[in-house]
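Enquirer:
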Amino acid sequence: DTPYIQLLERLRQGQCSYEDYELLLTRVVGQSSVFLHEPPWNQAPMLVFRNEIRTQLNHRSAIHNAIQTGCNPMVYVAQDFCKGKPVEEPTRLKKLLELSDSKTEHLPGLLPLVPGMPVIL
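Residue numbers for the sequence shown, in the numbering used here: 13 to 133.
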């Protein structure tokens, strides 16, 4: 989509126009003409402002993919270390897993995956 690619280039350079703003408004979730469960939107990447929202969308996507494919989702749990030793104390482990990605160098504590699910890491 050439107009959108051009918009992104202007955005990267800090040179957006009011027309760019209007184009972006046509792609906001909540527009009455957009149904996220239908093509092409069900395959579209989502841009969000907060890591917590992105994490929730990723989790929902994994669950949806598992339902669609009939595969069981797998959740990979981060192995955290403190001073070179694995963290084993349950309360500390729980607190570490609950931290936002923005506080863990953008690494999730829990990573849900489904066999065959496309991902970008």
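For glycine and all other residues, C-beta sits at the position ideal for the given N, C-alpha and C.
In this text, all values refer to a predicted model and were calculated from it rather than measured experimentally.
Using 8 Å as the Cβ pair cut-off and three pairs as the minimum, do the region 79-96 and the region 114-123 touch?
Expert: Flag = yes, the region 79-96 and the region 114-123 touch.
Enquirer: Along the chain, where does the alpha helix (DSSP H) containing Leu105 start, and where does it finish?
Expert: From DSSP, the alpha helix (DSSP H) with Leu105 extends over Pro102 to Glu110.
Enquirer: Starting from Leu19 and walking both ways along the alpha helix (DSSP H), at which residues does that stretch end?
Expert: Counting along the chain, the alpha helix (DSSP H) containing Leu19 begins and ends at Thr14 to Arg24.
Enquirer: Between Gln25, Leu48 and Leu20, which lies nearest to Leu35 when the distance is taken from Cα to Cα?
Expert: Per the Cα distances, Leu20.
Enquirer: Which residue comes first and which comes last in the beta strand (DSSP E) that contains Leu123?
Expert: Note, Leu123: beta strand (DSSP E), Leu122 to Leu125.
Enquirer: Can you tell me where the alpha helix (DSSP H) with Arg39 in it begins and where it stops?
Expert: It is not in any alpha helix (DSSP H) - Arg39 carries neither H nor E in the DSSP assignment.
Enquirer: Round the Cβ separation of Asp113 and Asn63 to the nearest angstrom and send it over; I've been treating them as touching at under 8 Å.
Expert: Contact holds; Cβ gap of about 4 Å.
Enquirer: Can you give the Cα-Cα distance for Val99 and Gln55, rounded to whole angstroms?
Expert: Computed Cα separation, rounded: 38 Å.
Enquirer: Relative to the C-alpha of Gly128, which candidate in Asn77, Glu101 and Gln25 has its C-alpha closest?
Expert: Here the closest residue by C-alpha is Asn77.
Enquirer: Using the rule of at least 16 other Cβ atoms within 10 Å of the residue's Cβ for burial, across every protein chain shown, is Val60 buried or exposed?
Expert: Classification for Val60: exposed.
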